[in-house]
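Here's the structure, in structure tokens; my notes come after.
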Amino acid sequence: MVGVCVLLSIVIPYFNAGKYIYTAVQSILDACIQDAPYEIIIINDASDAANTARLHEIHQRCWANHSEVPVRIETLPENQGLSGARNHGIQIARGEYVFTLDADDYVNKKAFIKVLKDVKNLNMDMIFFGSYWYEKDHAWGMQGFKFEPKAEITVDQKVLASYITAQTFYAWRFIAKRELLLQVPYPPRLYMEDVGTTTPLLSRAKLVWYEPDQVVYYRQNPNSIMKVWNEKKSMDFLTSVHMLRERLQLTEPMEAQLSEAYFGLTCKAYLWACADAIRHQIPDAFGACRRIKDTHVQMFGKIALTQWPQVARMLDRRQTVAFGLLYYSPRLYQIALKAKRTLFPKK
6 MVGVCVLLSI VIPYFNAGKY IYTAVQSILD ACIQDAPYEI IIINDASDAA
56 NTARLHEIHQ RCWANHSEVP VRIETLPENQ GLSGARNHGI QIARGEYVFT
106 LDADDYVNKK AFIKVLKDVK NLNMDMIFFG SYWYEKDHAW GMQGFKFEPK
156 AEITVDQKVL ASYITAQTFY AWRFIAKREL LLQVPYPPRL YMEDVGTTTP
206 LLSRAKLVWY EPDQVVYYRQ NPNSIMKVWN EKKSMDFLTS VHMLRERLQL
256 TEPMEAQLSE AYFGLTCKAY LWACADAIRH QIPDAFGACR RIKDTHVQMF
306 GKIALTQWPQ VARMLDRRQT VAFGLLYYSP RLYQIALKAK RTLFPKK
């Protein structure tokens, strides 16, 4: 590949994901069209010996069948976490564009081929696309991203507000120019790291494209941090939302639409963080909610009574009620949740 201009680098952070990595890599290799150069970079984030051996075995198998697309493994001597592995892959990538895919996800061949052609033929800064939630068996679009699909979108504050409202901040939801990704690295050792990264990244773009086809098949690992309670995860969510605003690159002061979308996100972050503690029935749930509220007030200020109409505009009716209970009395929220489970048990 020396002297060859690489169009797209696909970066896959890998940590003990031997169960899934073949499907991820093979799905990309099956889709790569032949008239443009690509590379796949797997960042082995200090996996254990068994998963490292599995990775090299898969590498040899894939290389034998698809030698036209280079697949290389970069092994980190110490675990750097998902953000560190992503950042390293972006730094060493040779492509004009970069796509980061989690090791336990995979792509839909037909939809990914469409996106690859978009990357080749359109001079976009970012290309967004839909996805499919594997476990829940449903299409996962960007419903809040209210802009015409398959058309050039000029990024302004209206676009940023729409993207925040859509709340699809996932790093695998788009392909972006490498030069943009280098400007906004993923924060290390932070859960919800893409919340504080992808909107600031979008704010630096000029032209974007939205392809609504379901490109990535998202698979939630049963050992995922999202499945368990972790107070750092909740606090990091607030930190990431705060970081989002600090990292935005705006040429003008924040307009009302963007300001309101951001306010709504701060409310949803609080709602999710506190509700997660109570739903997991941790022993110190109310103490955790108190600490989350203290942090929320410190970062975003106390919500005054005059702001409640704004809360109601940004949240749906169920969310508004839940947010009010959690903000003023998590214990009442717990009682309401127990009553709901009793009256409407899951089948």
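Per my numbering, the very first residue in the sequence shown carries number 6; after that it's consecutive. Ideal Cβ positions, reconstructed from N, Cα and C, are used throughout, including at glycine.
Practice problem: Put VAL120 into one of helix, strand or coil per three-state DSSP. | Solution: VAL120 falls in the helix class under three-state DSSP.
Quiz item: If ILE158 and LEU212 are in contact, beta carbons under 8 angstroms, what's the gap, nearest whole angstrom?
Solution: The beta-carbon separation of ILE158 and LEU212, rounded to 7 angstroms, stays under the 8 angstroms limit for a contact.
Quiz item: By a C-beta neighbour count over all protein chains shown, 10 Å radius and 16 as the cutoff for buried, is CYS67 buried or exposed?
Solution: Burial is judged here by how many other beta carbons sit within 10 angstroms of a residue's own beta carbon; CYS67 has at least 16 and is buried.
Quiz item: Start and end of the alpha helix (DSSP H) containing MET319?
Solution: For MET319, the enclosing alpha helix (DSSP H) begins and ends at 313 to 319.
Quiz item: Touching or not, the region 150 to 157 and the region 187 to 206, by the rule of three or more beta carbon pairs under 8 angstroms?
Solution: Segments in contact, no.
Practice problem: Can you check DSSP and say which residues form a bridge with LEU13? | Solution: In the DSSP assignment, LEU13 forms a beta bridge with TYR43 and TYR102.
Quiz prompt | TRP214 versus ALA274, ILE297, SER52 and LYS125, residue with shortest Cα-Cα distance | solution = Nearest C-alpha to TRP214 among ALA274, ILE297, SER52 and LYS125: LYS125.
Quiz item: Helix, strand or coil: how does DSSP classify TRP277 here?
Solution: In this structure, TRP277 counts as helix in the three-state DSSP scheme.
Self-check item: Candidates LYS182, ILE78 and GLN96: closest to ASN128 by CA position
Solution: The residue with the shortest Cα to Cα distance from ASN128 is LYS182.
Practice problem: Express the C-alpha separation of LEU255 and TYR332 in angstroms, rounding to a whole number. | Solution: The straight-line gap from Cα to Cα measures roughly 31 angstroms.
Quiz item: Apart from the five residues just before and just after GLN162, which ones in its own chain have a Cβ nearer than 8 angstroms to its Cβ?
Solution: LEU255, GLU257, MET259, GLU260, GLN262 and LEU263.
Practice problem: Would you tell me roughly how many angstroms separate the C-alpha atoms of GLN188 and ASN92, rounded to the nearest one? | Solution: Here the alpha carbons of ASN92 and GLN188 stand approximately 11 angstroms from one another.
Quiz item: Thinking C-alpha only, which one of TRP313, ASP289 and ILE283 is nearest LYS343?
Solution: Of the candidates TRP313, ASP289 and ILE283, the one whose C-alpha sits nearest the C-alpha of LYS343 is ILE283.
Quiz prompt | Reference TYR43; option with closest CA among TYR102, PRO217, LYS232 and ASN70 | solution = The option with the nearest alpha carbon to TYR43 is TYR102.
Quiz item: Would SER14 pass as a contact of ALA98 if the rule is Cβ separation under 7 angstroms?
Solution: Yes.
Quiz item: For ILE48 versus GLU83, is the C-beta distance shorter than 7 angstroms?
Solution: Contact annotation: ILE48 and GLU83 have beta-carbon atoms that are not nearer than 7 angstroms.
Practice problem: Would you kindly report the start and end of the unbroken beta strand (DSSP E) that includes GLU236? | Solution: Segment 236 to 252 is the alpha helix (DSSP H) holding GLU236; no beta strand (DSSP E) there.
Self-check item: As assigned by DSSP and simplified to three states, the class of LEU342
Solution: Three-state result, LEU342: helix.
Self-check item: Simplified DSSP state of GLN286, which is helix, strand or coil
Solution: Three-state DSSP puts GLN286 in coil, outside helix and strand.
Quiz item: Which residues mark the beginning and the end of the alpha helix (DSSP H) in which PRO205 is found?
Solution: Where PRO205 is concerned, the enclosing alpha helix (DSSP H) starts and stops at 203 to 208.
Quiz prompt | MET6 classed as buried or exposed, judged by whether at least 16 other C-beta atoms fall within 10 angstroms | solution = Confidence in MET6 is poor, its pLDDT being 44 and thus under 50, which makes the residue's placement unreliable; the coordinate value appears in the next sentence. Exposed.
Quiz item: LYS345 to GLN339, Cα distance in whole Å?
Solution: Take the alpha-carbon of LYS345 and the one of GLN339: they are about 10 angstroms apart.
Quiz item: When you compare only the Cα positions, how much space is there between LEU270 and HIS71?
Solution: Distance between the alpha carbons of LEU270 and HIS71: 43 angstroms.
Practice problem: Please list the segments of the alpha helix (DSSP H) lying wholly inside the region 140 to 192, counting only runs of 4 or more residues, in order along the chain. | Solution: Fully enclosed alpha helix (DSSP H) runs of no fewer than 4 residues occupy 162 to 171 and 183 to 188 of the region 140 to 192, in order along the chain.
Quiz item: For the candidate residues ILE180, HIS301 and ASP35, whose alpha-carbon lies nearest to that of PHE104?
Solution: Of ILE180, HIS301 and ASP35, the residue nearest in Cα terms is ILE180.
Exercise. Label ARG323 either buried or exposed according to how many other C-beta atoms from any shown protein chain fall within 10 Å of its C-beta, with 16 as the threshold for buried.
Key: Exposed, because fewer than 16 other Cβ atoms sit within 10 Å of the Cβ of ARG323.
Practice problem: Keeping to the same chain, check which residues put their C-beta closer than 6 angstroms to that of THR28; ignore five residues upstream and five downstream. | Solution: Cβ neighbours of THR28 beyond the five flanking positions: TYR111.
Exercise. Can you give me the start and stop residues for the alpha helix (DSSP H) that GLN96 sits inside?
Key: Its alpha helix (DSSP H) spans residues 86 to 97.
Quiz item: With 16 other CB atoms within 10 Å as the buried threshold, where does GLU216 fall?
Solution: That one is buried.
Self-check item: Host beta strand (DSSP E) of VAL74 (start-end)
Solution: That residue, VAL74, is in no beta strand (DSSP E); it is neither H nor E in DSSP.
Quiz item: From LYS273, LYS238 and LEU34, pick the residue whose C-alpha is nearest to that of ILE46; which is it?
Solution: Nearest C-alpha to ILE46: LEU34.
Quiz item: Between TRP234 and the rest of its own chain, which residues show a CB-CB distance below 8 angstroms, the 5 nearest in sequence each way excluded?
Solution: Correct list, in chain order: ASP281, ALA282, HIS285 and ILE287.
Self-check item: Range covered by the beta strand (DSSP E) that runs through LEU331
Solution: No beta strand (DSSP E) contains LEU331, which is instead part of the alpha helix (DSSP H) from 322 to 333.
Quiz item: Out of curiosity, what's the CA-to-CA distance linking GLN148 and SER136?
Solution: The alpha-carbon atoms of GLN148 and SER136 are separated by roughly 12 angstroms.
Quiz item: In terms of residues, what are the limits of the alpha helix (DSSP H) holding ALA63?
Solution: For the sequence presented, residue 63 should be read as Ile rather than Ala. Per DSSP, ILE63 belongs to the alpha helix (DSSP H) from 54 to 70.
Quiz prompt | Host beta strand (DSSP E) of LEU212 (start-end) | solution = Boundaries of the beta strand (DSSP E) around LEU212: 212 to 223.
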